[in-house]
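Taking it in order: structure first as structure tokens, then the write-up.
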Amino acid sequence: MPVVALSEIGLIIDVFGQKPKVVKSVDYVMSNNIIVSYFNNFLKFISLPCMEITEIEFQKIKEMKISQDGSFLAIKSLKNSLTIFEKQKIIFERENVDEFGITNEYFYYTSENEFAVQNIVKNEIIFRSETIPKQIVALSSDIFVLNEDCELLLFRGCQSLNIYANENNAIANSEFINVEDSIKQVDKPHLVYKYKSASKLIINECAHGYLILSETSYSSITYFAQLSLHYFVKMSDGSFKILHYLKLGDILHVELLKDEFLVVYGGQPATCSLFSKTTGIKTGSLKKATRNFVTFNNSKRRALCGAYGNLPGIVTVFENNVKTCEFESLGSSVFKWMNDGTHFMVATLNYFKEGNKIDIYDYYGRKTETMECKSLYKVDLYGEPEEEKTLEKPKIPVMIKKQELFVIPELNDYESKSSKKENDKKSKNKKKQEPKKVTKENIPVRTIETVEKELAQAKEARKKLQSGAECSLDEQNLAFSVNLLETEYAKLQENKN
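According to full-length UniProt numbering, the stretch in the sequence shown is residues 1 to 497, in order.
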């Protein structure tokens, strides 16, 4: 079970192996089976699984980022200087850097009055501007930039873009957007899309295109940002077809699979829909017991459904759309299939003060490994895909038992051996103890003052939740009742007038 974990004792490599190795570390980055770890002014470059380690001395660091292929490392020091490594060799240094990022071909940085993108191999600056963008996203070889005008720009080698519209409406709940091509010079970015409003982008990259989840303006009803989903499909001539998916409701999770991508959306229980990477057309869905997270194993035979955040921690697994297990895992925030596609990992990170652990289960919900620790900060997998296995089904399935309400049987169901006089007495007592029938006249009326007081308490709880402070379950429930209380208060005000 090739698992890497950062805990209070350091970096643990091959957590569940026969000889796990512990490396002193306060942080690490990992990509393509390469780990770079930092501790006490030393960097350790670790190649997996052979465990070849190279150590070099370095200054105190603030942040590390690694390219997708593991060839390049970017480090921002405590003094805000940027250093770029190729393997263990320094190839670039610059002082007074704010933001930075690195791909397999480029790196970027921002300073007080400069934004620059530089080609790593050619050691050439390909773009420089005095305007600092809202957000920069570095992928494997491309860099997306969201500027202050909500324009999405793409740095993408030598290919110019020719964005066009397609009138084919074959995709349900989607539309095609007309976008005109902008600058075509190699040394300048290309205008890909103009958002009406966007504050943050989450971009997933595949060979067929880019799946972009954008945060727009915050909702006036809730304190959550509204999300919009676009898929930029690469065409054979180098152009893009832009698909905008509508009517999804709350978008909870997106993920790229081998030939498709999935989107988890809607109210609880949510829906998980699958879309073709090639065309963007919907190919299927998983509607059973979906919370706010779904991931498939490599063969796509098995789906792992989890719930993190404010939702109850329930884990559900399906094989060929048939439920194989369901169990509670409160506080979990990491759900991943292992390399064999037969076992999966559920982890609880340091967000919670207690119960930090990693558990390994098979797809029938049987726990096979566990590691508990005081603090768990990160957890990752490494290694190559392994052969998927079929396991023997357990005699007693791991399922959450449905709790049925206990109904008190009526006294008439029991025969009393006492005298008729005693029975008559019991009958009279029974009538006295029967609850009054609920009618409109005896329902307690909630006053405007009562609802107003509860609404004020709910808003205070919501502010506390937004600030990141610890909230009890009662406070969380109170925070999420603001909308209902506002509706009730408005109705009472209307009736009063």
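Glycine residues also receive a C-beta, built at the ideal position from the N, C-alpha and C atoms.
Check whether residue i and residue j have beta carbons under 8 angstroms apart
i	j	result
F261	F275	yes
Q59	N41	yes
T348	I360	no
N204	V254	yes
G331	G306	no
N350	L381	no
Y231	G249	no
T54	Q88	yes
F335	T295	yes
E148	K134	yes
L227	I242	no
P2	G383	yes
I143	Y108	yes
L229	Y210	no
Rounded separation between residue i and residue j - CA only
i	j	result
I35	Q457	48 angstroms
T279	V233	7 angstroms
I75	Y106	15 angstroms
Q118	S141	12 angstroms
G101	S375	28 angstroms
I358	S333	11 angstroms
F16	A5	11 angstroms
S472	L213	31 angstroms
A138	T103	6 angstroms
E486	N477	15 angstroms
D362	S329	15 angstroms
T216	K122	37 angstroms
F92	K44	19 angstroms
I448	Q493	7 angstroms
F85	T324	46 angstroms
E387	D259	19 angstroms
D14	L304	23 angstroms
S199	I136	11 angstroms
F240	D98	32 angstroms
V186	S481	With a pLDDT of 32 at V186, under the threshold of 50, the modelled position of this residue cannot be trusted; read the value that follows with caution. When rounded, the distance between both Cα atoms is 53 angstroms.
P20	W337	20 angstroms
A490	F72	58 angstroms
L257	I202	16 angstroms
L286	Y308	18 angstroms
Per-residue burial, residue i [other beta carbons within 10 Å of its own, 16 or more giving buried]
i	result
N495	exposed
C272	buried
R128	exposed
G313	buried
P397	exposed
K395	exposed
V29	buried
P49	exposed
N389	Before going on, a small fix: residue 389 reads as Lys here, not Asn. Under this definition K389 is an exposed residue.
residue 554	No information on residue 554 is available, as it lies outside the stretch 1 to 497 that the chain covers here.
S67	buried
V451	buried
A207	exposed
I281	exposed
I12	buried
A270	buried
T290	buried
L484	exposed
7 angstroms Cβ shell around residue i - same chain, five flanking residues per side excluded
i	result
R301	E319, N320
K393	Y364
I385	Per the sequence shown, the amino acid found at residue 385 is Pro instead of Ile. Correct list, in chain order: N298, N339.
G341	N297, N298, S299, R302, E388
E57	N41, F42
Sequence-distant residues of its chain with Cβ nearer than 8 angstroms to residue i (five each side left out)
i	result
S236	none
N96	N80, S81, S111, E112
F39	G10, V23, K24, S25, V26
S7	N356, C373, K374, S375, L376, Y377
Residue i: CB within 7 angstroms of a non-hydrogen atom of the ligand GTP
i	result
Q68	This structure lacks the ligand GTP, and indeed carries no ligand of any kind.
Chain-order list of residues whose beta-carbon lies under 6 angstroms from that of residue i (same chain, five-residue window excluded)
i	result
R94	L82
F327	V315, G365, V398
Y195	C150
I61	Y38, I75, S77
H343	I360, D362
V192	L152, L154
L391	D362
M64	V29, I75
V263	V254, S273
Beta carbon proximity, residue i to chain B, threshold 8 angstroms
i	result
P49	The chain inventory of the structure shown lacks chain B, comprising one protein chain alone.
Q.
To test your reading of the DSSP string, which unbroken beta strand (DSSP E) runs of 3 or more residues are found completely within the region 103 to 146?
A. 106 to 110, 115 to 119, 124 to 129, 135 to 138, 143 to 146
**Q.** Sequence ranges, beta strand (DSSP E) only - wholly within the region 343 to 406, length at least 3
**A.** 343 to 348, 357 to 362, 367 to 372, 376 to 381
(Q) To test your reading of the DSSP string, which unbroken beta strand (DSSP E) runs of 3 or more residues are found completely within the region 247 to 276? (A) 251 to 256, 260 to 265, 270 to 276
Q | Minimum length 4: unbroken alpha helix (DSSP H) runs contained in the region 20 to 81 | A | none
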